[in-house]
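Student: Got a structure for you, written out below as structure tokens; questions coming shortly.
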Amino acid sequence: MNPQAKLIFTISLLLGTTITISSNHWIMAWAGLEINTLAILPLISKSHHPRAIEAATKYFLVQATASTLLLFSSMTNAWYTGQWDITQLTHPISCLILTSAIAMKLGLVPFHFWFPEVLQGAPLTTGLLLATVMKFPPITLFFLTSHSLNPTLLTCMAILSAALGGWMGLNQTQIRKILAFSSIAHLGWMTIIISFDPKLTLLNFYIYSLMTAATFLALNSIKALKLTTLMTTWTKTPSLNAMLFLTLLSLAGLPPLTGFLPKWLIIQELTKQSMAPAATVISLLSLLGLFFYLRLAYCTTITLPPHTTNHMKQWHTNKPTHITIAILTTLSTMLLPISPLIYPLS
1 MNPQAKLIFT ISLLLGTTIT ISSNHWIMAW AGLEINTLAI LPLISKSHHP RAIEAATKYF
61 LVQATASTLL LFSSMTNAWY TGQWDITQLT HPISCLILTS AIAMKLGLVP FHFWFPEVLQ
121 GAPLTTGLLL ATVMKFPPIT LFFLTSHSLN PTLLTCMAIL SAALGGWMGL NQTQIRKILA
181 FSSIAHLGWM TIIISFDPKL TLLNFYIYSL MTAATFLALN SIKALKLTTL MTTWTKTPSL
241 NAMLFLTLLS LAGLPPLTGF LPKWLIIQEL TKQSMAPAAT VISLLSLLGL FFYLRLAYCT
301 TITLPPHTTN HMKQWHTNKP THITIAILTT LSTMLLPISP LIYPLS
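Take a look at the structure:
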């Protein structure tokens, strides 16, 4: 892709995200989401492969539908209450439609079917944007309207997301699809707590974005798209694979790694809100996700390739992405000891 075009699309992504997260009016928020959608489409379809074009088409249709629902929700609320302010969403029908619209934007169950297919058709760098940056504006809208949304509906959607995200990732062999189902399961954790402690949702999203960025950039560096490819990368970049192993375990939420922090705080908050059964169920469902993370980690480090050849070692490369990966993997694995500092900051 032309560097100038890539720069324009990247600036448009930043602009759309900034407009949405800083707006008070529903029309401005909707305009920011539309700019985001239009900016990411060329990045999804830049390879001109039929699967990439199919992914871009699916993404466009789903996001256009979700934006229409969001606009319809805000118009319904304005019709009944005369309010266009995002925080003043009070009409129950508007709240229900908005929950559906944002769930569709994020890929929450039952509107999750598009996300694994789109992520599978996109390149790894674009997949990283889809899994992190593109979810930030809808999460912000969730945060701003969390006091108006139905907690029971959100809890049901969250538990279903955690269940389906874990269950459907079990027999996948494509790494991007595994990471898509992982994203759906993490969204379940973010959604279950948003009615009770919205700041915890944002903290969970930030830490999830950190770990996902480290994983995607490491996979992009070793050019691994399937589990079979991942098995043969150990001899090329042992140090990077060892760090990828720890990042995957952090994504699974194992202590004493960073990924355990949001799960720990969410379970604690749910217990305080007398929702111990929901906390128990979602904790048990996270074991499904743990299984496929362990399978990925096993393929990354423990298995030896069937035909070990002499590869040129790739440790001493001066690419700036390697410095980024080093910083992100360190943060993805070692933030738990300073959790008393992180939680008040959120």
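UniProt numbering numbers the first residue of the sequence shown as 1 and each following residue consecutively. By construction, the Cβ of each residue, glycine as well, lies at the ideal position given by its N, Cα and C atoms.
Thinking C-beta only, is residue 257 closer than 8 Å to residue 155?
Tutor: no
Student: Within 10 Å of its beta-carbon, does residue 176 have 16 or more other beta-carbons around it, so buried, or fewer, so exposed?
Tutor: buried
Student: Measure the Cβ-Cβ separation of residue 266 and residue 219 and say whether it is below 8 Å.
Tutor: no
Student: If you reduce the DSSP assignment to three classes, tell me which class residue 49 lands in.
Tutor: coil
Student: Taking 8 Å as the threshold (C-beta atoms), are residue 329 and residue 243 in contact?
Tutor: yes
Student: Need the endpoints of the alpha helix (DSSP H) that residue 88 sits in, please.
Tutor: Run containing residue 88: none; DSSP gives neither H nor E here.
Student: If you pair each beta-carbon of the region 44-51 with each one of the region 78-98, do three or more pairs fall below 8 Å?
Tutor: no
Student: Suppose you measure from the CA of residue 77 to the CA of residue 322; what does that come to, to the nearest Å?
Tutor: 48 Å
Student: Provide the residue(s) that pair with residue 25 in DSSP beta bridges, ordered along the chain.
Tutor: 85
Student: Grab me the residues of residue 187's own chain with a C-beta within less than 6 Å of its C-beta, minus the 5 sequence neighbours each way, in chain order.
Tutor: 106, 108, 161
Student: Over the uninterrupted alpha helix (DSSP H) stretch that includes residue 105, give me the two end residues.
Tutor: 92-106
Student: Closer than 7 Å by C-beta to residue 241: which residues in its own chain qualify, once you throw out the five before and the five after it? Chain order, please.
Tutor: Cβ neighbours of residue 241 beyond the five flanking positions: 233, 234, 300, 301.
Student: Using CA atoms only, rank isn't needed, just tell me which of 59, 194, 216, 22 is closest to residue 326.
Tutor: Comparing Cα-Cα distances from residue 326 to each of 59, 194, 216, 22, the minimum goes to 216.
Student: Using the rule of at least 16 other Cβ atoms within 10 Å of the residue's Cβ for burial, across every protein chain shown, is residue 291 buried or exposed?
Tutor: exposed
Student: Does the region 34-42 come close enough to the region 54-73 to have 3 or more Cβ pairs within less than 8 Å?
Tutor: yes
Student: Starting from residue 165 and walking both ways along the alpha helix (DSSP H), at which residues does that stretch end?
Tutor: 151-168
Student: With DSSP as the reference, label residue 333 as helix, strand or coil.
Tutor: helix
Student: Please work out which residues of its chain come closer than 8 Å, Cβ to Cβ, to residue 205, disregarding the five sequence neighbours upstream and downstream, and give them in chain order.
Tutor: 135, 136, 139, 190
Student: Is it true that the CB of residue 169 sits closer than 8 Å to the CB of residue 159?
Tutor: no
Student: Whole angstroms are fine: how far does the CA of residue 287 sit from the CA of residue 237?
Tutor: 29 Å
Student: Using beta-carbon positions only, say whether residue 17 and residue 133 come within less than 8 Å of one another.
Tutor: yes
Student: Can you have a look at residue 318 and say buried or exposed, based on whether 16 or more other CB atoms are within 10 angstroms of its CB?
Tutor: Low per-residue confidence applies at residue 318: pLDDT is 49, beneath 50, and the placement is therefore not dependable, though the value from the model is reported in the following sentence. Classification for residue 318: exposed.
Student: Which residues bound the alpha helix (DSSP H) around residue 189?
Tutor: 175-193
Student: Apart from the five residues just before and just after residue 14, which ones in its own chain have a Cβ nearer than 7 Å to its Cβ?
Tutor: none
Student: Following the continuous alpha helix (DSSP H) through residue 122, name the residue where it begins and the one where it ends.
Tutor: Looking at the DSSP string, residue 122 is not in any alpha helix (DSSP H), and its letter there is neither H nor E.
Student: Pull the bridge partners of residue 226 from the DSSP assignment, please.
Tutor: 174.
Student: Given that a residue counts as buried once 16 or more other Cβ atoms are within 10 Å of its Cβ, and exposed if not, what is residue 207?
Tutor: buried
Student: The alpha helix (DSSP H) spanning residue 247 covers which residue range?
Tutor: 238-252 is the extent of the alpha helix (DSSP H) around residue 247.
Student: What's the C-alpha gap between residue 338 and residue 345?
Tutor: 11 Å
Student: Taking residue 64 as the reference, give the member of 89, 75, 31, 79 with the closest Cα.
Tutor: 31
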